[in-house]
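Residues 1 to 366 in our numbering are what the sequence shown spells out, letter by letter. Beta carbons are placed, not taken as given, at the ideal position from N, Cα and C, and that holds for glycine. Since we're looking at a predicted model, the values are computed, not measured.
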Amino acid sequence: MILKFFMPTKVFLGKDCIIDNAAQMKALGKKAFIVTGKSSAKANGSLTCVQAALQASGIAYSVFDRILSNPSIELVREAAKIAREEKADFIIGIGGGSPMDAAKAIAVLAANEVDDTVLFLGPYPYPVLPIVAVPTTAGTGSEVTQYSILTDDRQQTKSSIANEAIFPQIAFLDASYTQNLPPHVTINTAIDALSHAVEGYLSAKATSVSSMLASESMTILGKCLKVLDEKVDFAAREQLLYASMLAGMVIAHTGTTALHSMGYSLTYFRDIDHGRANGLLMYEYLEFIAVQDGSIIDKIVNLLNMENLGELKNCLDKLFKDKESITKSEIQQFSAKAIQAKNIINTIPLPSQEDLAGIIERSFCR
Ligand code: NAP
Ligand code: FE
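As structure tokens, then:
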């Protein structure tokens, strides 16, 4: 057996976990640079909790609250310049995947004035600043991954940094902050987590440990899927956050696959939310895999506690309602971009561009 498992992030999950474990941040330095989106971190109480924990630990801080969804390289460069001027010792990302991913890139760039090629491929001349992640959506798992996904206008897609230096040192997961997520964000992010668990399970890089984590994540998400369009209570919110973290640990080892490659095109060119993009393509992607290996798809359906793939399709159709319309020329454009993505090689069977075009066409034109 050959196994590599690496998970350097200290995880604290539970109500009030930030204030209860505030002292953990003392080892990271005297000055924090907090990175958030425009408004949600203020509204859901997470920013106040982090500020109180820093004050209790005698750590100074400044706040950059201008991260947009699908953050661009230019924006993280702008924030990193400020972090450098502020002489920050470590970076705290609070929010969905966008502020957490931005925090990781800022931690690289605050310590290293490097061009885009080095930013994406490394190695970095100086040590990356330590990172603390506080997820307020239950979806990306970014709090436990070595990925930062940025909008890359030169490449006309979303490009990923994948580097062990950007694993957060600490992740604080308190589901209280997710209680007032708008329904569409709850749904989209949960389906992103499901994509990670499913793709990780199917990945060419899957291991016994990653598949165990993916199985647990799918078992929980299968139950949650059935209540996502209702009022989601605290217990379910905590389960979603836990399952999303497990799925993050999965993709930290397996990477994502063609489903995410195609999803990036839908987000880049049509501004479709990341989780929704994956969810709209998921059924046809699984049908494509099933042609070669029906038994692995049966296992996924079982873990989700569903009768068959059709039940998953009905569930996704119900959650996502009307689909966007996509033209034939867009299908060509999106599949041509997706086939060049790094994560394509994790897909079994390896798809051709025509295969991807077929998946996109069947997902949107039926
Ligand atoms: P997001 O872009 O971070 O946030 C989406 C929206 O939700 C924003 O409007 C945000 O508002 C709001 N929001 C966040 N938390 C909230 C809360 N608790 N209550 C109310 N509103 C809240 O969405 P996301 O789906 O979490 O992240 C998507 C990004 O993560 C994409 O760029 C994707 O590529 C990336 N991703 C990364 C990984 C990884 O391993 N690194 C994995 C998968 C996806 P504000 O702007 O005001 O905060
Ligand atoms: Fe994702």
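Checklist entry - Which residues in the same chain have their Cβ closer than 7 Å to the Cβ of Lys205, if we skip the five residues on either side of it in sequence? => result In the sequence shown, counting from the first residue as 1, residue 205 sits at position 205. Excluding positions up to five away in sequence, the list reads His253, Thr254, Gly255, Asn346.
Checklist entry - With distances taken between CB atoms, is the gap from Lys31 to Ala107 smaller than 7 Å? => result Translated into the one-based positions of the sequence shown, residue 31 becomes position 31. Translated into the one-based positions of the sequence shown, residue 107 becomes position 107. Going by C-beta atoms, Lys31 is not nearer than 7 Å to Ala107.
Checklist entry - Pairing CB atoms from the stretch 135-146 with CB atoms from the stretch 232-241, are three or more of them under 8 Å? => result The way I'd put it, the stretch 135-146 does touch the stretch 232-241; three or more beta-carbon pairs between them come closer than 8 Å.
Item to check | Cβ neighbours of Leu202 in the same chain (closer than 7 Å, five flanking residues each side left out) | outcome: If you number the sequence shown from 1, residue 202 lands on position 202. Answer for Leu202: Thr257, Ile289, Ile296, Ile348, listed in chain order.
Item to check | Alpha carbon of Thr9 to alpha carbon of Ser329, nearest angstrom | outcome: Numbered from its first residue, the sequence shown carries residue 9 at position 9. Numbered from its first residue, the sequence shown carries residue 329 at position 329. For Thr9 and Ser329, the gap between their C-alpha atoms comes out near 43 Å.
Next on the checklist: Which residue marks the beginning of the beta strand (DSSP E) containing Ile170, and which one marks its end?
Outcome noted: Residue numbering aside, residue 170 sits at position 170 when the sequence shown is read from its first letter. Residue range 170-173 is occupied by the beta strand (DSSP E) that includes Ile170.
Checklist entry - Among Phe172, Cys315, Ser148, which has the Cα closest to the Cα of Ser72? => result For this step, residue 72 is matched to residue 72 along the sequence shown. Of the listed residues, the one whose Cα sits closest to Ser72 is Ser148.
Checklist entry - Can you tell which of Met249, His196, Leu303 has the C-alpha that lies nearest to the C-alpha of Met282? => result Here residue 282 refers to the residue found at position 282 when the sequence shown is read from its first residue. Nearest C-alpha to Met282 among Met249, His196, Leu303: His196.
Item to check | Proximal residues to Lys26 (C-beta, below 6 Å), its chain only, five neighbours per side dropped | outcome: Taking the sequence shown and counting its residues from 1, one reaches residue 26 at position 26. Ser57, listed in sequence order.
Checklist entry - What residues in its chain sit with their C-beta under 6 Å from that of Leu13, if we drop five residues either side in the sequence? => result If you number the sequence shown from 1, residue 13 lands on position 13. Only Leu173 meet the Cβ criterion.
Checklist entry - Nearest to Glu324 by CA position, among Gln353, Val291, Ala336, Arg362, is which residue? => result Counted from its first residue, the sequence shown places residue 324 at position 324. With distances taken between Cα atoms, Glu324 lies closest to Arg362.
Next on the checklist: Mapping the DSSP letters down to three states, classify Leu286 as helix, strand or coil.
Outcome noted: For this step, residue 286 is matched to residue 286 along the sequence shown. Helix.
Checklist entry - Taking the alpha carbon of Pro123 as the point to measure from, which residue in Ala133, Asn112, Leu129 has its own alpha carbon closest? => result Translated into the one-based positions of the sequence shown, residue 123 becomes position 123. Nearest C-alpha to Pro123: Asn112.
Checklist entry - Does at least one heavy atom of the ligand NAP sit under 6 Å from the Cβ of Gly95? => result Numbered from its first residue, the sequence shown carries residue 95 at position 95. Yes, the ligand NAP has a heavy atom inside 6 Å of this Cβ.
Checklist entry - By a C-beta neighbour count over all protein chains shown, 10 Å radius and 16 as the cutoff for buried, is Glu143 buried or exposed? => result Within the sequence shown, numbered from 1, the residue matching residue 143 stands at position 143. Classification of Glu143: buried, given that the 10 Å Cβ count is 16 or more.
Item to check | Neighbour-count burial assignment, Ser159, 16 or more Cβ in a 10 Å radius | outcome: Taking the sequence shown and counting its residues from 1, the one referred to as residue 159 is at position 159. Taking all protein chains in view, the Cβ of Ser159 is crowded by 16 or more other Cβ atoms within 10 Å, so the residue is classified as buried.
Checklist entry - Cβ atoms of Ser210 and Gly393: under 7 Å apart, would you say? => result This structure cannot speak to residue 393, because the chain is shown only from 1 to 366.
Checklist entry - Are the stretch 73-81 and the stretch 36-56 in contact at 8 Å, needing three or more beta carbon pairs? => result Because the criterion of three Cβ pairs below 8 Å is not met, the stretch 73-81 and the stretch 36-56 do not touch.
Item to check | Met212 versus Ser46 - alpha carbon distance | outcome: To locate residue 212, count along the sequence shown from 1; it is residue 212. To locate residue 46, count along the sequence shown from 1; it is residue 46. Across the structure, Met212 and Ser46 are spaced so that their CA atoms are roughly 31 Å apart.
Next on the checklist: On the criterion of 16 or more Cβ atoms from any shown chain inside 10 Å, does Glu284 qualify as buried, or is it exposed?
Outcome noted: Numbered from 1 along the sequence shown, position 284 holds the residue referred to as residue 284. By the 10 Å Cβ count, Glu284 comes out buried.
Next on the checklist: Phe90 and Gly37 - do their beta-carbons sit closer together than 7 Å?
Outcome noted: One-based indexing of the sequence shown puts residue 37 at position 37. One-based indexing of the sequence shown puts residue 90 at position 90. Between Gly37 and Phe90, the CB-CB gap reaches or exceeds 7 Å.
Item to check | Rounded C-alpha distance that separates Leu350 from Asp293 | outcome: The sequence position of residue 350 within the sequence shown is 350, counting from 1. The sequence position of residue 293 within the sequence shown is 293, counting from 1. The alpha-carbon separation between Leu350 and Asp293 amounts to approximately 13 Å.
Checklist entry - In whole angstroms, what separates the C-alpha of Val50 from that of Val250? => result Stepping through the sequence shown from its first residue, residue 50 is reached at position 50. Stepping through the sequence shown from its first residue, residue 250 is reached at position 250. If I take the Cα positions, the gap works out to 27 Å.
Item to check | Inter-residue CB distance, Leu246 and Ala190 (contact presumed, cutoff 8 Å) | outcome: Counting from one through the sequence shown, the residue named residue 246 turns up at place 246. Counting from one through the sequence shown, the residue named residue 190 turns up at place 190. A Cβ-Cβ separation of about 13 Å leaves Leu246 out of contact with Ala190 under the 8 Å criterion.
Checklist entry - Where do the ends of the alpha helix (DSSP H) carrying Gly263 lie? => result Taking the sequence shown and counting its residues from 1, the one referred to as residue 263 is at position 263. Under the DSSP assignment, Gly263 falls in the alpha helix (DSSP H) whose first and last residues are 258-270.
Next on the checklist: Can you find the residues in the same chain that come closer than 8 Å, C-beta to C-beta, to Arg126, ignoring five residues on each side of it along the sequence?
Outcome noted: In the sequence shown, residue 126 corresponds to position 126, counting from 1. In the sequence on display, residue 126 carries Tyr and not Arg. In its chain, beyond the 5 residues on either side, Ala111, Asn112 have a beta carbon closer than 8 Å to the beta carbon of Tyr126.
Checklist entry - Whose CA, out of Asn305, His260, Arg270, lies closest to the CA of Asn343? => result Position 343 of the sequence shown, counted from the first residue, corresponds to residue 343. Among Asn305, His260, Arg270, the Cα nearest to that of Asn343 belongs to His260.
Checklist entry - Looking only at C-alpha atoms, which of Ile131, Thr186, Leu194 sits nearest to Glu216? => result Here residue 216 is taken as the residue at index 216 of the sequence shown, counted from 1. Among Ile131, Thr186, Leu194, the Cα nearest to that of Glu216 is on Leu194.
Checklist entry - Does the ligand GTP have even one heavy atom less than 6 Å from the beta-carbon of Asp322? => result The ligand GTP is absent from the structure shown, which contains only the ligand NAP and the ligand FE.
Checklist entry - Rounded to whole angstroms, how far is the Cβ of Ile131 from the Cβ of Pro168, which I believe are closer than 8 Å? => result Within the sequence shown, the letter at position 131 stands for residue 131. Within the sequence shown, the letter at position 168 stands for residue 168. That belief holds up - the Cβ atoms of Ile131 and Pro168 are roughly 4 Å apart, short of 8 Å.
Checklist entry - Mapping DSSP to helix, strand and coil, what is Ser62? => result What you label residue 62 is simply residue 62 of the sequence shown in a count that begins at 1. DSSP places Ser62 in strand when its eight states are reduced to three.
Item to check | Beta-ladder partner(s) of Ser148, from DSSP | outcome: The residue given as residue 148 occupies position 148 in the sequence shown. Among the bridge pairs identified by DSSP, Ser148 is matched with Ile161.
Checklist entry - Hey, does Arg237 have any beta-carbon neighbour from chain C nearer than 7 Å? => result Included in the structure is just one protein chain, with no chain C present.
Next on the checklist: Per the DSSP calculation, Pro135 is bridged to which residue(s)?
Outcome noted: By one-based count along the sequence shown, residue 135 stands at place 135. The partner list for Pro135 (beta bridge, DSSP) reads Gly95.
Next on the checklist: Please list the terminal residues of the continuous beta strand (DSSP E) segment that includes Lys81.
Outcome noted: The count along the sequence shown starts at 1 and reaches residue 81 at position 81. Boundaries for Lys81: no beta strand (DSSP E) harbours it, while the alpha helix (DSSP H) harbouring it runs 73-85, taken from the DSSP string.
Item to check | Option nearest Gln155 by Cα separation, candidates Ile34, Tyr264, Gly358, Pro182 | outcome: Residue 155 sits at position 155 when you count from the first residue of the sequence shown. The shortest C-alpha separation from Gln155 is found at Tyr264.
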